[in-house]
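What follows is a single structure, written as structure tokens, with notes after it.
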Amino acid sequence: MTRPPTLDQVAERAGVSRTAASRVINNAPNVSRATRDAVERAIRDLGYHPNRTARALATSRTDTVALAISGERPEIFADPFFAQVIVGVSEAIEETDLHLMLCLATSVRGQTRLRHLLDRRGVDGMMVMALRGDDPLARIAEQSGLPTVFGGRPLRGEPHWFVDADNAGGARLAVEHLIAQGRRRIVMINGQTDTNVNDTRRRGYLEALTLAGLASAGTADGDFTEPSGHAATAALLAGRPDLDAVFAANDNMAAGALRALREAGRRVPDDVAVIGFDDLAIAEQTDPPLTTVHQPVRALGRELARMLVLALAGREPTPLLLPTRLVVRGSA
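Quick note on our numbering: the sequence shown kicks off at 1 and runs consecutively.
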């Protein structure tokens, strides 16, 4: 039986010391790019597989990272947005030796579990998402001292590492499109108002109106779900029956708006135009198909994981703002 290659053989093949090879394998910081490339090439050529148990004991690493979402119900992982984020994270993690753990961290029980996990160093680093207001999850992550990357910025503070989309710019594109079509009584359906994502989308909505010399025709609060978009639109119609356009802070609420408008006998887009945000699968399934702002949700997940991998390797990744663009369909 052929014996598996050893660390000494990897070092010899790479032309580096055994210590240098070990540092690369254990993702230690301050290793030159040339050394890292040479060792990684030797590992591939030889088919070397480190002893995971010995590696963990030697480095106090678990080779596990957590994606913690500020939510209470497991169903949140099936939400089309978070499902795409998880797919993107998984794609990037598959390129490494890391394992992925999913955590919910809104309930007291969920926060206690997460704190226990972090206290015993059950993971090497974290990705956190869906923070609301003064979210305890942000403090838990900070107190852990572990490398942490934020998916979207929190409402308060500026994290060291984050991946976000250009939410304000995307909202401006949406409202500018409505104005260019001659719409003048444009309302907005907010998502959860204690989130940065809603705050920046609302800012983009107001900026576009201000630049055009228009005022908001009204806003109503939802919670990023279809039923809340339906209820918010019904309330807006009651207060502004002459509204001629709806900008919803996500596609789920825009779908609810379409349903409410249909029930009220309003034709879309003839009487009222509707635009959403995200460009999820539901945007192509509504009647009419939904004009929306596309954000690269799966890419957000991939970049989130890649940024964490760089941080774990002792590098200093740069925060990333992903572009958004308008996708025009039948609703506006």
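Glycine included, every Cβ here is placed at the ideal spot set by N, Cα and C.
State the DSSP-derived secondary structure class of residue i, mapped to helix, strand or coil.
i	result
M1	Residue placement at M1 cannot be trusted, given a pLDDT of 46 that sits under 50; what the coordinates show is reported in the next sentence. DSSP places M1 in coil when its eight states are reduced to three.
D221	strand
N167	helix
V309	helix
R298	helix
V123	coil
H177	helix
R325	strand
V39	helix
L211	helix
L280	coil
L243	coil
E230	One point to set straight first is that residue 230 is His, not Glu, in the sequence displayed. DSSP places H230 in helix when its eight states are reduced to three.
A11	helix
S144	helix
T195	coil
A264	coil
E91	helix
A332	coil
R183	coil
T19	helix
V31	coil
G204	helix
G110	helix
Taking Cβ to Cβ, would you say residue i is nearer than 8 Å to residue j?
i	j	result
R240	R329	no
V128	T148	yes
G125	L146	yes
A257	A245	no
S144	L118	yes
V293	L173	yes
A260	T225	no
T324	G169	yes
A171	P154	no
G179	M253	The sequence given here places Ile at residue 179; Gly does not occur at that position. Result no, Cβ atoms of I179 and M253 do not sit closer than 8 Å.
L243	A212	no
V197	G151	no
T286	A255	yes
D223	F81	no
Given this structure, state the Cα-to-Cα distance separating residue i from residue j, to the nearest angstrom.
i	j	result
D221	S228	8 Å
A79	T35	Reading off the sequence, residue 79 comes out as Asp, not Ala. Roughly 43 Å separates the two Cα atoms.
L326	G110	37 Å
D45	T96	17 Å
R132	T200	13 Å
T112	L308	23 Å
R120	A14	35 Å
R203	L236	19 Å
H99	V65	6 Å
L114	L67	11 Å
S17	R302	33 Å
L7	T19	9 Å
T210	H160	32 Å
D251	R183	20 Å
D270	R262	12 Å
Give me the Cβ distance between residue i and residue j, rounded to the nearest whole Å; I'm assuming they're in contact under 8 Å.
i	j	result
S283	H177	The identity of residue 283 in the sequence shown is Ala, whereas the question assumes Ser. In fact, because the Cβ distance is near 15 Å, the residues do not count as touching under 8 Å.
S70	A141	About 11 Å separates the two Cβ atoms, so there is no contact after all.
Q9	R298	No, Q9 and R298 are not in contact; Cβ-Cβ is about 39 Å, not under 8 Å.
Q295	A165	4 Å
P288	V272	At roughly 12 Å, the Cβ-Cβ gap does not stay under 8 Å, so P288 and V272 are not in contact.
G88	L312	That pair is no contact at about 18 Å.
L310	P319	That belief does not hold up - the Cβ atoms of L310 and P319 are roughly 12 Å apart, past 8 Å.
V31	R23	5 Å
V187	A208	13 Å between Cβ atoms; not a contact.
Hey, is residue i close to the ligand HEM, as in C-beta under 7 Å from one of its heavy atoms?
i	result
R306	Looking for the ligand HEM in the displayed structure turns up nothing, as the structure carries no ligands at all.
For residue i, which beta-bridge partners are listed by DSSP?
i	result
H116	Answer by DSSP bridge pairing: none, since H116 is not bridged.
T291	I275
G256	None, per the DSSP bridge assignment.
M129	I69, G151
T64	H99
I189	A220, A248
F162	F150
L104	I69
L320	V163
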